[in-house]
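In the numbering used here, the protein residues as written are 7 to 444.
Where is the CB? At the ideal position from N, CA and C, for every residue including glycine.
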Amino acid sequence: MRLSRYFLPILKDAPRDAEIVSHRLMLRAGMMRQEAAGIYAWLPLGFRVLKKIEQIVREEQNRAGAIELLMPTLQLADLWRESGRYDAYGPEMLRIADRHKRELLYGPTNEEMITEIFRAYVKSYRSLPLNLYHIQWKFRDEQRPRFGVMRGREFLMKDAYSFDVDEAAARLSYNRMFVAYLRTFARMGLKAIPMRAETGPIGGDLSHEFIVLAETGESGVFCNRDVLDLPVPGADVDYNGDLTPIIKQWTDLYAATEDVHDAARYEREVPEDKRVQTRGIEVGQIFYFGTKYSDSMKALVSGPDGAEKPIHGGSYGVGVSRLVGAIIEACHDENGIKWPEEVAPFRVAVLNLKQDDATTGEACEKVYNALSAKGVDVLYDDTDQRPGGKFATADLIGIPWQILIGPRGLAEGKVEIKRRSDGSREFMSLDETINRFT
Ligand code: ATP
Ligand code: MG
Ligand code: MG
Ligand code: MG
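Laid out in structure tokens, this is it:
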């Protein structure tokens, strides 16, 4: 992508009403634009990051055996009357009427709809276990939308729903999602700690929130420091095998949100020098809720003995759009964003340091074309900004690798490569540069 032909509306000044750094940086870097309170347009740079995050979530869901589908954003009120949640959900639900005065709602979550789909087709225990997910926009009319995409009203969520024949089987499904979440967040460069959590309006009695520690987070949390250093399972983890050793390792050490915090147990189990009491960002939550929806909505399967029983369910959410903000909270410095490579909007930026110099232009074109041809995401700054402005833009938008090309280096046959994460620099030839990134 040539920056001169791109749409990257960078803001010079920090927007005044943005309270936290990720919100300020997303606005300054031209990633998104607020269209109404808690409702955002994703501009090209932000959209690229959103799609990268979504793809990591998808790959890890698929790896764990979940199956993707897509449900609509609008749902019938009658569906929610079946579970009793139409009235219970309260003012967070956006309620809509169509031209026939039929009552609809913009889905805040999808337990009811997926249960309706499940019960229409699945009749036998032989079809289980089953885990279906989608990545779809949700709407919650939050009391206080704030912090940009972190607490939006319209936001992108991955939500998966598991169906099992009994509680023991449902716990295996829960464990698979637990491990998938460890892998998902680690691949994005995040440390997200599973913490015991309240179940809230989803219901049920077993739940973990995945929390990224951050002072600006909205949840108070307590944990044992050692939980921060636990190993994350590799891509070769066997989802059909026994995952309990992994779950045990991650749940033996104390880690809880303030809603379920047990001060006596915390003091008993966690030595004083290991106690961490801080704040965090909830990037995902998993629930086992048993027969809460299958009872009320009659999602029954017949067992080996022919008798019909309600299925045992769980649901598993990831805040895809919130993650964009959470990653910035974890990865930035005073100059801007430092994207982990896996979610960066572009992997490499090529900076032309002397726009009116023909030799420099040729060298830039050579690198840009060679990398593009090999499928590397490259942003080529071919604008007529001065070098200082180009450095500032590249740092602000957080591209992991900057290739600086100017006449002084080229006279010695070299270009400079700057790594955004630690500011380290290297010099090498054009060909070495091309080989390095392909
Ligand atoms: P919160 O406690 O932040 O209000 P929640 O517990 O209500 O979130 P869940 O129902 O668990 O949210 O939804 C799954 C995930 O969706 C959350 O873990 C979070 O990452 C994301 N999410 C929830 N509400 C929002 C929102 N208003 N804006 C952006 N992401 C959200
Ligand atoms: Mg909420
Ligand atoms: Mg919550
Ligand atoms: Mg939650």
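Alpha carbon of residue i to alpha carbon of residue j, nearest angstrom
i      : j      : result
Arg6   : Ala70  : In the structure as shown, the chain begins at 7 and stops at 444. Residue 6 is therefore absent and cannot be evaluated.
Glu148 : Ser168 : 27 angstroms
Tyr322 : Met183 : 7 angstroms
Trp86  : Lys344 : 43 angstroms
Met99  : Phe145 : 7 angstroms
Leu132 : Thr439 : Reading the sequence as shown, one finds Arg at residue 132 and not Leu. Cα to Cα, Arg132 sits roughly 55 angstroms from Thr439.
Arg285 : Glu264 : 10 angstroms
Lys57  : Leu49  : 12 angstroms
Leu14  : Gly223 : 28 angstroms
Glu122 : Ala305 : 8 angstroms
Lys396 : Val326 : 30 angstroms
Ala24  : Glu221 : 16 angstroms
Ala379 : Gly394 : 29 angstroms
Val282 : Pro151 : 28 angstroms
Ile59  : Glu65  : 10 angstroms
Leu188 : Gln361 : 45 angstroms
Ala270 : Met163 : 35 angstroms
Ala241 : Ser130 : 32 angstroms
Arg11  : Gly429 : 28 angstroms
Ala417 : Asn341 : 30 angstroms
Cys370 : Arg34  : 26 angstroms
Arg414 : Leu436 : 14 angstroms
Lys372 : Phe53  : 28 angstroms
Arg431 : Leu377 : 20 angstroms
Arg392 : Ile45  : 35 angstroms
Near ligand 4: residue i beta-carbon under 8 angstroms from a heavy atom
i      : result
Ala166 : no
Ala261 : no
Ala203 : yes
Gly206 : yes
Glu288 : yes
Gly323 : yes
Residues near residue i in its chain [Cβ-Cβ closer than 8 angstroms; skip 5 each side]
i      : result
Ala262 : Met201, Arg202, Ala203, Val227, Phe228, Cys229, Asp268, Tyr272
Leu236 : Gln255, Trp256, Leu259
Val185 : Ala70, Pro239, Val243, Tyr245, Leu249, Ile252, Ile253
Arg353 : Glu347, Val382, Asp383, Val384, Ile405, Pro406, Trp407, Phe443
Arg426 : Lys344, Trp345, Ala400, Asp401, Gly404, Ile405, Pro406, Trp407, Gln408
Ala175 : Leu134, Pro135, His318
Val289 : Phe191, Leu196, Ala198, Phe216, Ile217, Val218, Val324, Gly325, Arg328, Leu329, Ala332
Val63  : Ile141, Lys164, Thr190, Val324, Val326
Glu118 : Gln81, Leu85, Trp86, Glu88, Ser89, Arg91, Tyr299, Met303
Proximal residues to residue i (C-beta, below 6 angstroms), its chain only, five neighbours per side dropped
i      : result
Glu41  : Ala47
Arg125 : Ala305
Asn116 : Met77, Asp165
Rounded distance between the beta-carbons of residue j and residue i, thought under 8 angstroms
i      : j      : result
Arg193 : Glu74  : No, Arg193 and Glu74 are not in contact; Cβ-Cβ is about 18 angstroms, not under 8 angstroms.
Tyr180 : Gly320 : 5 angstroms
Leu9   : Thr389 : 5 angstroms
Tyr139 : Ala198 : That belief does not hold up - the Cβ atoms of Tyr139 and Ala198 are roughly 18 angstroms apart, past 8 angstroms.
Leu17  : Ile334 : Not really, about 15 angstroms apart at Cβ, beyond 8 angstroms.
Glu215 : Gln142 : So it is not a contact: roughly 21 angstroms between Cβ atoms.
Tyr112 : Leu80  : 6 angstroms
Gln67  : Ala166 : 6 angstroms
His29  : Phe153 : 5 angstroms
Pro310 : Thr297 : Their Cβ separation, rounded to whole angstroms, is 19 angstroms, which puts Pro310 and Thr297 out of contact at 8 angstroms.
Tyr92  : Ala83  : 5 angstroms
Met38  : Val155 : 7 angstroms
Check: residue i C-beta below 8 angstroms from any heavy atom of ligand 1
i      : result
Glu117 : no
Gly226 : no
Glu215 : yes
Met156 : yes
Phe397 : no
Met163 : yes
Ser327 : yes
Arg231 : no
Gly312 : no
Pro97  : no
Pro151 : yes
Arg91  : no
Arg159 : yes
Gly319 : no
Gly44  : yes
Ligand 3 heavy atom lying under 8 angstroms from the CB of residue i
i      : result
Glu148 : no
Glu275 : no
Gln291 : yes
Neighbourhood of residue i by C-beta, 7 angstroms cutoff - its chain only, sequence neighbours within 5 removed
i      : result
Gly90  : Ser302
Leu410 : Leu357, Leu359, Val421, Glu422, Lys424
Arg231 : Lys280, Val282
Pro97  : Asp147
Ser308 : Lys129, Ser130, Tyr131, Glu314
Contact with chain D by residue i, beta-carbon distance below 9 angstroms
i      : result
Gly367 : You won't find chain D in this structure, because it holds only one protein chain.
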